[in-house]
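**Q** Numbering (this note's numbering), first residue to last: 18 to 121.
C-beta atoms are modelled at their ideal positions from N, C-alpha and C, and glycine is treated no differently.
The structure is reproduced here in structure tokens:
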């Protein structure tokens with residue numbers, strides 16, 4: 018592996034990691050309260066579209082399922098970010114080891 022390709026690999030890792038952080042930061046442009054209201058509005062519309070009348074047991078159950086879906090999606094996204102971060106860290110460690118071996 019040449020010096021240029023190793024540098025390219027390091028830069029690629031940083032670019033990919035940076036894009037992930039930028040996406041997470043951009044998703045935070047709305048306050049938590051505003052996002053909660055938007056989610057409630059969207060969920061109420063979804064449940065109404067499914068035929069659940071506001072205030073009924075089926076509407077409440079639907080709203081709970083929508084929140085559970087959103088919570089699961091958030092957990093999945095957090096796990097994906099953790100895996101991505103771990104992969105980047107492992108890649109940097111591998112590059113460090115490769116450089117070390119090349120010098121010996």
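I need the DSSP call for residue 28, collapsed to helix, strand or coil.
**A** Confidence is the limiting factor: at residue 28 the pLDDT is only 49, short of 50, which leaves the residue's position unreliable, though a coordinate-based value still follows. Reduced to three states, the DSSP call for residue 28 is helix.
**Q** With distances taken between CB atoms, is the gap from residue 91 to residue 64 smaller than 8 Å?
**A** no
**Q** Count the other C-beta atoms from every protein chain shown that fall within 10 angstroms of the C-beta of residue 79, then say buried if there are 16 or more, exposed otherwise.
**A** By the neighbour-count rule (16 or more Cβ atoms within 10 Å), residue 79 is buried.
**Q** Helix, strand or coil: which one does DSSP assign to residue 71?
**A** coil
**Q** Compare the Cα-Cα distances from residue 3 to each of 118, 117, 86 and 96 and report the closest residue.
**A** Only positions 18 to 121 of the chain appear in the structure, and residue 3 is not among them; the question remains open.
**Q** Can you give the Cα-Cα distance for residue 98 and residue 121, rounded to whole angstroms?
**A** Each residue's alpha carbon lies about 35 Å from the other.
**Q** State the Cα-Cα distance for the pair residue 57 and residue 49, rounded to the nearest angstrom.
**A** 12 Å
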